[in-house]
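Asks:
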Amino acid sequence: MPSLDRAAIDPDADRVVRKLTRAGYKAYLVGGCVRDLLVGKTPKDFDVATSATPNEIKATFRNSRIIGRRFRLAHVFFGSKIIETSTFRANPRDEDANDLLIRRDNVFGTETDDARRRDFTINGLFYDVEREEVIDHVSGLVDLEAKLMRTIGDPDIRFQEDPVRMLRAIKFAARLDFGFEPLTWRALLRWRGEISKCAPPRLLEEIHRLMRGGAAKRSFELMVETGVLSVLSQYLAGLLEGPGAPAVAPVITTQTVPKPTVPMIEYVDEDPAEHDPDDPDELERMAQAAAKAEGVIVETDDDDDEVESDDFDLDDEEQAWHKVWADEPAARPLAAVPVRLSFVLPGAELVKRRELAWSTLGQIDTVIAEGRDPSNAVAFGALLAPFIFGSDDAKGGDLHGAIQELAHPVIVQLHVTRKDSERLRYILLAQRKLQMAKKKGGQAELAGGRELIDDAVLLFELLERASGHEVGELPTVTSSGEGRDDEGEEDPNNPRKRRRRRRGGRRR
């Protein structure tokens, strides 16, 4: 079984757990921090789960405050650091069990209740710092050792309750280099279309985390393999899928894994306090009715991974549907929409640029491993820039038009924020000047503030690395407008902006 390095535990998180324990409450490290410690990764944050109520936590720690209206939890402060401390919660019961909606409520429960309402078995582990032992109510240790993604409970129900869990499954599988147990994989393929019903801000936040979590390339490979990328953006899928895309490694684990003892749960709610910090807990979750989607599965002979339960009994009709789903033949992932770009010749040239886009995704992971933190705009730029600047003999032309043609559909389909879309446009425009400066050995003069310029230079570096060029010294950049966040080049297609600026009017 995986072992945990005690020395890697944050001392303030340890202090919170021990103080709550001395006060007579149960308290453990929980979720993502335990998972990461067990696989040898350094957690970004440490969360605590306890039998103490939010008011009792606040009474125990003067350096704390209660947050949340629908889900109350406590933040314990140590300088700028926050140890998020939540009360064990139970599964709220609803008389209409057939209406699979995400509900939020403060229903406190036991540690076992709390573990069973989480999303994946590897996220349902507790660590007792006093006894120095892992508490596992969901067979998460078995799946960690087997390197498996498995939902807690019936994956068909879990993914319908909150389709964003499918993106989270891909995120964790990519970061940890895990496979999927067959039932979870099959349910992900079956219900992937439900992702389109989720609130766009939640989806965008998860996409940011996929791109900036250190496993962007693998995350996009999995999104292509599952058809999830086509659900999110058929245009982006059309750019990245096809000749030039990497071959995807197998993602289904067929090895025999001990059957978990976790009961399937009729209704499971998640709240931000119970997840690792990757969960976008400040965003409102969209409540949606689960629709019966077209079944899309992969075949498997392993039926023993189905979880039995005393709490969730399938009637004859439901058992029949599960049998139909299990016996369905494999179906193809959703098709991407073929993309034609007016400034890229189809065929070999498009394949070359697609290869560069995938290579640039890999370079994002490299710079993150080096301790750098690319912005959302740089991450999107890494996906799109290779299609504009992906050839050593790329000519000039209407750069504004090319950026508009390429980026606008992605921005619209993924609901990219105005701030990030403007930043993306700026750093794409800046690439031409940086290319010329490197070629001539001169300086590049860019308008905008330091952060914008740094983003533009980082994207240029990613493209150089992905192209196999010696990065060497990057072009020297001077700012023509320090602190300004304008795009740096005037758009000839926007005469209204030019007239306002000539009159000296305030820029908006």
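Each residue of the sequence shown is one higher than the one before, starting from 1 at the first, in my numbering. Think of the CB as a built atom: it goes at the ideal place given N, C-alpha and C, for glycine as much as any other residue. No experiment lies behind these values; they were computed from the predicted model shown.
Going straight from the alpha carbon of Gly109 to that of Val410, what length do you get?
Replies: 43 Å
Asks: Between the stretch 9 to 25 and the stretch 71 to 85, do three or more beta carbon pairs fall short of 8 Å?
Replies: yes
Asks: Mapping DSSP to helix, strand and coil, what is His75?
Replies: strand
Asks: With the cut-off set at 8 Å, would you say Leu210 and Ala216 are in Cβ contact?
Replies: yes
Asks: Tell me the DSSP bridge mates of Ile427?
Replies: Answer is none; Ile427 lacks a bridge partner.
Asks: Buried or exposed: Lys58, going by 16 or more other Cβ atoms within 10 Å of its Cβ?
Replies: Result: buried.
Asks: Within the continuous alpha helix (DSSP H) that includes Lys352, where are the two ends?
Replies: Ala348 to Ala369
Asks: Are Glu206 and Val164 close, meaning C-beta to C-beta below 8 Å?
Replies: yes
Asks: Comparing C-alpha positions only, which one of Asn91, Ala115 and Arg116 sits nearest to Val107?
Replies: Asn91
Asks: What is the residue span of the beta strand (DSSP E) that Asp47 lies within?
Replies: Asp47 to Thr50
Asks: Would you kindly work out how many angstroms separate the C-alpha atoms of Glu145 and Ser3, rounded to a whole number?
Replies: When rounded, the distance between both Cα atoms is 10 Å.
Asks: CB-CB under 6 Å to Asp402, same chain, minus the five flanking residues each way: which ones, in chain order?
Replies: Per the sequence shown, the amino acid found at residue 402 is Ala instead of Asp. The residues are Phe343 and Ile388.
Asks: If you compare alpha carbons, which of Ala247, Asp47, Asp113 and Thr226 is closest to Ser86?
Replies: Asp47
Asks: Could you tell me which uninterrupted alpha helix (DSSP H) segments, each at least 4 residues in length, are contained entirely in the stretch 180 to 231, listed from first to last along the chain?
Replies: 182 to 191, 200 to 212 and 216 to 226
Asks: Would you say Glu205 lies against chain B (beta-carbon separation less than 8 Å)?
Replies: Although the question refers to chain B, the structure presented lacks it and comprises just one protein chain.
Asks: Measure how close the beta-carbons of Lys171 and Ser219 come, nearest whole angstrom, since I'm counting them as under 8 Å.
Replies: 6 Å
Asks: Could you check what DSSP says for Lys147 in three-state terms: helix, strand or coil?
Replies: Note: Lys147 maps to coil in three-state DSSP.
Asks: Using the three-state DSSP reduction, which class does Glu84 fall into: helix, strand or coil?
Replies: strand
Asks: Under DSSP, the beta strand (DSSP E) around Tyr28 begins and ends at which residues?
Replies: Unbroken beta strand (DSSP E) run through Tyr28: Ala27 to Val30.
Asks: Can you name, in chain order, every residue of its own chain whose Cβ lies under 7 Å from the Cβ of Gly242, other than the five neighbours on each side?
Replies: Listed in chain order, the non-local C-beta contacts of Gly242 below 7 Å within the same chain comprise Arg354, local neighbours out to five positions each way being set aside.
Asks: Which one of Gly449, Gly448 and Leu434 has the shortest CA to CA distance from Gly442?
Replies: Here the closest residue by C-alpha is Leu434.
Asks: Closer than 8 Å is the cut-off here; do at least three beta carbon pairs connect the stretch 362 to 371 with the stretch 184 to 194?
Replies: no
Asks: Using C-beta distances below 6 Å, list every residue in its chain close to Ser421, excluding the 5 sequence neighbours before and after it, in chain order.
Replies: Ile411
Asks: Answer with buried or exposed for Lys44, where buried requires no fewer than 16 other C-beta atoms within 10 angstroms of its C-beta.
Replies: exposed
Asks: Give me the Cβ distance between Ile135 and Tyr28, rounded to the nearest whole Å; I'm assuming they're in contact under 8 Å.
Replies: 6 Å
Asks: Sort out for me which residues DSSP pairs Val134 with in a bridge.
Replies: Tyr127
Asks: Contact defined as beta carbons within less than 8 Å: I believe Val477 pairs with Leu446. What is the distance between those atoms, to the nearest angstrom?
Replies: 6 Å
Asks: Please report the residue range of the alpha helix (DSSP H) in which Ala466 lies.
Replies: That run of the alpha helix (DSSP H) goes Arg450 to Ala466.
Asks: Name, in chain order, the residues that DSSP records as bridge partners for Thr478.
Replies: Glu445
Asks: Please check the pair Gln413 and Ser233, which I expect to be a contact at CB under 8 Å, by giving their CB distance rounded to whole angstroms.
Replies: 4 Å
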